[in-house]
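Peer 1: Please read through the structure below; I'll follow up with questions.
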Amino acid sequence: GAVVSQHPSRVICKSGTSVKIECRSLDFQATTMFWYRQFPKKSLMLMATSNEGSKATYEQGVEKDKFLINHASLTLSTLTVTSAHPEDSSFYICSANPIAESSYNEQFFGPGTRLTVL
Amino acid sequence: RKEVEQDPGPFNVPEGATVAFNCTYSNSASQSFFWYRQDCRKEPKLLMSVYSSGNEDGRFTAQLNRASQYISLLIRDSKLSDSATYLCVVGSYKLIFGSGTRLLVRP
């Protein structure tokens with residue numbers, strides 16, 4: 045199956061710092077990647093859709109200036125949490141759609157990044 | 012009303028039991044339906060896609076009722092390793108996740 049990696053898997057930072065999370069599709073190309081956030085015992089909430097070569101599409105209530113997304117290539121999307129605060133502490137997960145039409149909608153998830161802001 | 016609703020559980024069943032989960036969705040235009048499994052502090056993993064004709068994969072059977080906007084997952088002969096949270100996922104281009112149903116299989 046398709047493999048998606050995320051880096052780092054865990055990060056602890058001080059309030060006010062910025063944190064960059066990378067999402068890579070290892071064995072397929074993805075024009076679209078998705079960024080989710082999951083709080084404890086809650087479901088995944090879509091934050092934004094990352095489109096290769098164009099601006100990301102953010103969900104309602106997600107600040108685009110706080111969560112910067114860059115999708116520079118068909119295998120890499122990055123999420124930068126700027127000026128992180130304790131309330132940003134969460135599990136951030138990316139997913140990717142393979143380009144092949146037969147697998148449209150089927151998303152493969154990265155292992156997630158657990159962010160703790162002190 | 013939530014876009015995708017699931018009973019949070021937990022469902023606590025003995026090994027070998029049959030257990031069924033249900034899910035309802037609100038958007039009648041939804042085109043894709045999946046069940047994902049999520050273990051504690053891990054990413055979701057696709058369990059199976061759900062089709063109108065129903066589909067079966069070993070001990071797992073999924074059904075879709077578009078008229079009632081209802082999806083089900085049946086697990087037969089439960090194993091200890093089936094203990095996890097099962098996420099109902101609905102969407103088109105964008106996927107909407109239910110909050111999950113927690114299953115605990117006891118020896």
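So the protein lines, in turn, are chains D and S.
Counted from 1, the first sequence has number 154 at position 110 by the numbering used here; the numbering is strictly sequential.
Counted from 1, the second sequence has number 117 at position 106 by the numbering used here; the numbering is strictly sequential.
Backbone N, C-alpha and C define an ideal beta-carbon position, used for all residues, glycine too.
Please read these numbers as outputs of a predicted model, since none were measured by experiment.
What separation, rounded to the nearest whole angstrom, lies between the Cα atoms of K56/S and S103/S?
Peer 2: 18 Å
Peer 1: Please report the straight-line C-alpha distance between F22/S and K99/D, rounded to a whole angstrom.
Peer 2: 42 Å
Peer 1: For R48/S, which option in S83/S, C99/S, L106/S has the closest C-alpha, if you only look at C-alpha atoms?
Peer 2: C99/S
Peer 1: Please confirm if I137/D has its CB atom under 8 Å from at least one CB of chain S.
Peer 2: yes
Peer 1: Please report how far the alpha carbon of P84/D lies from the alpha carbon of Y136/D, in whole angstroms.
Peer 2: Taking the straight line from one Cα to the other gives about 11 Å.
Peer 1: Taking Cβ-Cβ distances below 8 Å as the criterion, which residues of the segment 88–111 of chain S are in contact with chain D?
Peer 2: L98, G102, S103, Y104, K105, L106, I107, F108, G109, S110, G111
Peer 1: Does any residue of chain D have a CB that is nearer than 8 Å to the CB of L84/S?
Peer 2: For L84/S, not one C-beta of chain D is nearer than 8 Å to its own C-beta.
Peer 1: Enumerate in chain order the residues of its own chain whose CB-to-CB distance from T61/D is below 7 Å, with the five nearest sequence positions on each side excluded.
Peer 2: A128
Peer 1: At a cut of 8 Å, does the segment 61–76 of chain S reach the segment 47–55 of chain D through at least three beta carbon pairs?
Peer 2: Segments in contact, no.
Peer 1: Classify S146/D as helix, strand or coil using the three-state DSSP reduction.
Peer 2: Summary for S146/D: the model assigns pLDDT 45, below 50, so the residue's position carries little reliability; its value from the coordinates is reported in the next sentence. Reduced to three states, the DSSP call for S146/D is helix.
Peer 1: Could you name the residues that DSSP lists as bridge partners for A128/D?
Peer 2: The partner list for A128/D (beta bridge, DSSP) is empty, contrary to what the question assumes.
Peer 1: Between S59/D and R158/D, what straight-line distance do the alpha-carbon atoms span, to the nearest angstrom?
Peer 2: 15 Å
Peer 1: Decide if the segment 105–112 of chain D is in contact with the segment 12–32 of chain S; the criterion is three or more beta carbon pairs, one per stretch, under 8 Å apart.
Peer 2: The way I'd put it, the segment 105–112 of chain D doesn't touch the segment 12–32 of chain S; fewer than three beta-carbon pairs between them come closer than 8 Å.
Peer 1: V116/S lies in the beta strand (DSSP E); which residues open and close that run?
Peer 2: 112–117 is the extent of the beta strand (DSSP E) around V116/S.
Peer 1: Quick one: grab the DSSP three-state call for R158/D.
Peer 2: strand
Peer 1: Candidates L114/S, G109/S, K105/S: which alpha carbon is nearest E150/D's?
Peer 2: K105/S
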